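Data first, discussion second: the structure below is written as structure tokens.
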Amino acid sequence: MRNILFLFLFILSCTLISSITPDNSGSSEKLTPAELAGKKIYTEGIGSSDVKITANMSGVKVPATVMKCINCHKADGTGNPEGGISPSNVTWAYLTRSYGGKRISGEKYPAYTEQTLRKVITTGIDPAGNKLHNAMPTYNMTREDLNNLVAYMKVLGKAGDVGLTKSTIVIGIALNSEQNQPNSKNEAIKKMVQAYCNTVNENGGIYNRTLKPSFFSTSEQFEEKKYFMVTGFGEKEILGENNTTPSLFLCSNELTGSGLNNRNAFYVYPSLTAQNQALVDFSKENELLKKKGEVTIVYTNDNDRKAFAKTLSNYYLAKNNVLPTLLALDSDNIQELALTKQIHSNSLVFYVGSTQLGNQFLKELDNIGKTPYILTSGSISGVDLFNMPKAFQKKVFISYPTWITERSSASIRLYQSLNRENKLLSNWKNSQLNIMSMLMTLEECLKRVGSDLTQDKLIGSFEGLYEFSTGLAPPVTYNLNKRAGSSSVYIASFDPIANQLKLVSTINCSEK
Amino acid sequence: MKQIKCITLLILLLISQLGISQEKKAACCVPADDAKKKNVSQFSIGGMKKVPNINLITQHGEKVKFYDLIEGKVVALNFVFTTCTTICPPMGANFVHLKKLMSERVESSELVMLTITIDPATDTPERLAAWSENFEPGEGWTLLTGKVKDINGLLKKLEVYTSLKDEHAPIVLMGKEGEDNWVRANGLADPTELAATLNQFFDTPSKKDEDNFDQNYFTDVVLLDQNGESKKLYTDLMKDKVVIINPFFTECTGVCPVMNENLKRIQEHLGTKLGTEVNIISLTVDYKTDTPETLKKYANEYGAQDGWYFITGEQENIETALRKLGKNVENREAHDSVFLVGNLNTKLWKKVNGLAPIDEIIKIIDSVINDTVN
Numbered sequence: 001m002r003n004i005l006f007l008f009l010f011i012l013s014c015t016l017i018s019s020i021t022p023d024n025s026g027s028s029e030k031l032t033p034a035e036l037a038g039k040k041i042y043t044e045g046i047g048s049s050d051v052k053i054t055a056n057m058s059g060v061k062v063p064a065t066v067m068k069c070i071n072c073h074k075a076d077g078t079g080n081p082e083g084g085i086s087p088s089n090v091t092w093a094y095l096t097r098s099y100g101g102k103r104i105s106g107e108k109y110p111a112y113t114e115q116t117l118r119k120v121i122t123t124g125i126d127p128a129g130n131k132l133h134n135a136m137p138t139y140n141m142t143r144e145d146l147n148n149l150v151a152y153m154k155v156l157g158k159a160g161d162v163g164l165t166k167s168t169i170v171i172g173i174a175l176n177s178e179q180n181q182p183n184s185k186n187e188a189i190k191k192m193v194q195a196y197c198n199t200v201n202e203n204g205g206i207y208n209r210t211l212k213p214s215f216f217s218t219s220e221q222f223e224e225k226k227y228f229m230v231t232g233f234g235e236k237e238i239l240g241e242n243n244t245t246p247s248l249f250l251c252s253n254e255l256t257g258s259g260l261n262n263r264n265a266f267y268v269y270p271s272l273t274a275q276n277q278a279l280v281d282f283s284k285e286n287e288l289l290k291k292k293g294e295v296t297i298v299y300t301n302d303n304d305r306k307a308f309a310k311t312l313s314n315y316y317l318a319k320n321n322v323l324p325t326l327l328a329l330d331s332d333n334i335q336e337l338a339l340t341k342q343i344h345s346n347s348l349v350f351y352v353g354s355t356q357l358g359n360q361f362l363k364e365l366d367n368i369g370k371t372p373y374i375l376t377s378g379s380i381s382g383v384d385l386f387n388m389p390k391a392f393q394k395k396v397f398i399s400y401p402t403w404i405t406e407r408s409s410a411s412i413r414l415y416q417s418l419n420r421e422n423k424l425l426s427n428w429k430n431s432q433l434n435i436m437s438m439l440m441t442l443e444e445c446l447k448r449v450g451s452d453l454t455q456d457k458l459i460g461s462f463e464g465l466y467e468f469s470t471g472l473a474p475p476v477t478y479n480l481n482k483r484a485g486s487s488s489v490y491i492a493s494f495d496p497i498a499n500q501l502k503l504v505s506t507i508n509c510s511e512k
Numbered sequence: 001m002k003q004i005k006c007i008t009l010l011i012l013l014l015i016s017q018l019g020i021s022q023e024k025k026a027a028c029c030v031p032a033d034d035a036k037k038k039n040v041s042q043f044s045i046g047g048m049k050k051v052p053n054i055n056l057i058t059q060h061g062e063k064v065k066f067y068d069l070i071e072g073k074v075v076a077l078n079f080v081f082t083t084c085t086t087i088c089p090p091m092g093a094n095f096v097h098l099k100k101l102m103s104e105r106v107e108s109s110e111l112v113m114l115t116i117t118i119d120p121a122t123d124t125p126e127r128l129a130a131w132s133e134n135f136e137p138g139e140g141w142t143l144l145t146g147k148v149k150d151i152n153g154l155l156k157k158l159e160v161y162t163s164l165k166d167e168h169a170p171i172v173l174m175g176k177e178g179e180d181n182w183v184r185a186n187g188l189a190d191p192t193e194l195a196a197t198l199n200q201f202f203d204t205p206s207k208k209d210e211d212n213f214d215q216n217y218f219t220d221v222v223l224l225d226q227n228g229e230s231k232k233l234y235t236d237l238m239k240d241k242v243v244i245i246n247p248f249f250t251e252c253t254g255v256c257p258v259m260n261e262n263l264k265r266i267q268e269h270l271g272t273k274l275g276t277e278v279n280i281i282s283l284t285v286d287y288k289t290d291t292p293e294t295l296k297k298y299a300n301e302y303g304a305q306d307g308w309y310f311i312t313g314e315q316e317n318i319e320t321a322l323r324k325l326g327k328n329v330e331n332r333e334a335h336d337s338v339f340l341v342g343n344l345n346t347k348l349w350k351k352v353n354g355l356a357p358i359d360e361i362i363k364i365i366d367s368v369i370n371d372t373v374n
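Line by line, the protein sequences are chains X and A.
Mapping of the first sequence onto this note's numbering: residues 1 to 512, in sequence order.
Mapping of the second sequence onto this note's numbering: residues 1 to 374, in sequence order.
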């Protein structure tokens, strides 16, 4: 009896495996070089030769990048009706139907061949000799480009996006490459991701697709580009400037701008620059500075901190019409800097630097009886509030992109149950909560698209999120002009009575 | 206090509207027949009586008011949104092409080319600027965004509002502010047709366009006169002159001698005007027989002076000239006996029976010579 059961299970698992493997045919990893070049023409209007492709419409000639095929015929070739224009279905199966087709104007035409398809793209004349509607431009391109385009159009609509099959979605998880030792941060994140994806997959996946996390930490690994989408940590170094894979990261260094700059990139928190600048808004709102002209920015010259200090200085100038004094701090000049005339008990100091040097600097100031306001961003710098001189307890303010109150008990319970079942390494809890929150957001967006999934639709799905909360981070809202999901920056200070951090203010930064 | 403010505002508004409507009365004398012909519907945004003067922001971030932009101008106005991938890029390209065709009017700021976004919530000035750069537009194209409520209100008044932005039609509105003959046209139509429609709204035709029109029509096809010199039809024979054109052939023994007798009398009547103000152009309908030498002899028979041209030329060229003047015939005997009398400065053209009594012919010719621009 037991044997029969085993046999049954064995057969079942075999059929399961065999039903999964052939589905890989849907992925565009299999596109030939010609088809890939054709895809670039179809989706971007860019050919492989130096001669730029042009589109001509009623005597107007423009680069094909303005009027590319995908604009009207959609990624799958089925056409996107708009403004009274109904672009044709241009999938190969449709074009070559043996009984031909009929135009909206009533004229019939025979089935397309490779030859007549070339002709209609370049001249706008269909196989029956009819002129197409004038909203369809004619295209000038080299023979090679045309070959590639036709090659791609033969597989158009059949090939899905990268990293996507009928049964799997490959999610790239970017990891910072610094720590590789066991029990490290990366290990903790990996465990978290695996645990979360397993839970999703065990519950049926997303429209019958399982989530397949794939970890990478170098740009070379990313360059292989087999991911449908990317999330994780340390975006810029790994993905590069012109990433075209949909991505969700914690925050960018610079202000995000609108989706105009990079349509694919989404962030959970305001950028590091915005987190820094929120301190300026905070100081202005609370009138920390009584007298004009005594503002300094003290920075340590490492890890882009000089650049942050510079942008902070420009921002302060724009907001207050006062240019702060920039002072570089290192372990040798702490005493000297503390004596600087501009720094005194009624002045304002923005600190952009390491925690260790920060506390030494405060100690030095305390020694000579100076207690200026200290404003610092918790994400790029910091001051250890629990070990600083008493005199500063009411004068140090730190900005954070999130706050404990944004966490819901339900989500924390979910984390704890994952933790129990999977023996997560919870000494990196914050990072784990961050990646879990991003995975929850991705899952929501994937579910909203449905089974007919493309990267383009995923981006559209992100852009539809409004005040979406995972219960682990502040609610996120995205639209075409907004790429930082949360706009809140939380300003905290030390509460000596309870001996813990307390929230002082929430700044709504104007970043998009 | 607030109420008083409101009332003054109201009065100010009323006054400004009165002023505008008067202006409208004075300006609406241009006939709209041409626009009707084009099969486009006409409407009015005259005097801004109905169209709200909303605040807008250009693609460069400047704050402007809608009425300030169009006051007293001929306007071409279309509607797009930058995330529209289907019809908006072709409309943008078409609009820029139209701008190039109308460049003289745009540079003299008689014409303003405006594009209003129908998705102001998304289309920031930054987006509009980036979108327009796709079409390498150069100066003179203003793209506008603003508050959603304001723009929707304007779109409704202009009757181009759709509740779903994806359903918007490729419409371009053209007309002159203050007048009633605005037209709606298909923004994807051939830009040269749009330019032709737009040209009707200007009170004074552009000098360049006017010259070009005649020159483009008659062309500078090269012909030969009785002295064997090549003459360009428009530039050498017609430009800035009054012309008397008749078809003939030297072997014609029927009407031609009679017409030529008449032309001889006309030549006497014209005196010094011939060759300076007036040209007589006798075009042969038999280029095979009528070589310059033959014509020279023929001209001498009638005592033709400078300014009376007997014209032949290569088959293709002389046929083009005859066709342009409506005198082309299958066989030479079929030519008519009608003088075409035209004043190239005033565009007045008359047809005269070449066999009529000479006094009557001269009367008509003089009326054409003495024609003035209003």
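Glycine is no exception: its CB is placed at the ideal position from the N, C-alpha and C atoms.
Because the structure is a prediction, the values reported are computed rather than measured.
In chain X, which residues lie less than 8 Å from residue i when you measure between Cβ atoms?
i, result
"A/N300", "Those within 8 Å of A/N300 in chain X number zero; the least Cβ separation is about 51 Å."
"A/E126", "S258 and L260"
"A/F135", "V62 and V66"
Could you pull the start and end residues of the beta strand (DSSP E) that residue i belongs to?
i, result
"A/R184", "W182 to N186"
"X/P213", "T210 to F216"
Quick check on DSSP: helix, strand or coil for residue i?
i, result
"A/E192", "Note that residue 192 of chain A corresponds to Thr in the displayed sequence, not to Glu. In the structure shown, A/T192 sits in a helix (DSSP, three-state: H, G or I)."
"X/M57", "strand"
"A/F135", "coil"
"X/G101", "strand"
"A/V106", "helix"
"A/L158", "coil"
"X/L31", "coil"
"A/W141", "strand"
"A/E293", "helix"
"A/V368", "helix"
"X/W92", "helix"
"X/G38", "helix"
"X/S486", "coil"
Please name the residue or residues paired with residue i in a DSSP beta bridge.
i, result
"X/K502", "X/S493"
"X/M141", "Beta-bridge pairing links X/M141 to no other residue."
"X/Y299", "X/A328 and X/V352"
"A/F248", "A/T284"
"A/F79", "A/I116"
"X/E82", "X/I85"
Starting from the beta carbon of residue i, find every residue of chain A whose beta carbon is closer than 9 Å, and list them in chain order.
i, result
"X/A135", "T86, I87, P90, P170 and L188"
How would you write the range of the alpha helix (DSSP H) that residue i sits in, first residue to last?
i, result
"X/T311", "R305 to N320"
"X/N434", "K429 to V449"
"A/K99", "C88 to L101"
"X/V516", "Given that chain X is displayed from residue 1 to residue 512, the structure contains no residue 516 of chain X and the question cannot be resolved."
"A/V258", "V255 to L270"
Please work out which residues of its chain come closer than 6 Å, Cβ to Cβ, to residue i, disregarding the five sequence neighbours upstream and downstream, and give them in chain order.
i, result
"A/L77", "L114 and L173"
"A/A129", "Q59"
"X/A128", "Y109"
"A/G19", "Here A/G19 scores only 38 on pLDDT, less than 50, and its place in the model is too uncertain to base an answer on."
"X/K154", "W92"
"X/D495", "K502"
"A/D33", "Residue placement at A/D33 is flagged as unreliable, the pLDDT there being 42, under the threshold of 50; the coordinate-derived value follows with that caveat. Counting only Cβ-Cβ distances below 6 Å, and skipping sequence neighbours, we find nothing."
"A/K176", "V74 and F201"
Verify the contact flag: residue i, CB atom, against every heavy atom of the ligand GDP, threshold strictly below 6 Å.
i, result
"A/E71", "With respect to the ligand GDP, the structure offers nothing, as it holds no ligand at all."
In chain order, what residues of the same chain lie with their CB nearer than 7 Å to the CB of residue i, ignoring the 5 residues before and after it?
i, result
"A/G61", "P125"
"X/M438", "T231, L248 and V268"
Any Cβ of chain D within less than 7 Å of the Cβ of residue i?
i, result
"X/S381", "The chain labelled as chain D is not found among the protein chains of the depicted structure, namely X and A."
Quick one: residues in its chain with C-beta nearer than 8 Å to the C-beta of residue i, no 5 flanking neighbours on either side, listed in chain order?
i, result
"A/V40", "The predicted position of A/V40 is uncertain, since its pLDDT is 46 and thus under 50; a value taken from the coordinates is nonetheless stated next. For A/V40, where only same-chain residues beyond five positions count, the Cβ hits under 8 Å are V183, R184, A185 and T197."
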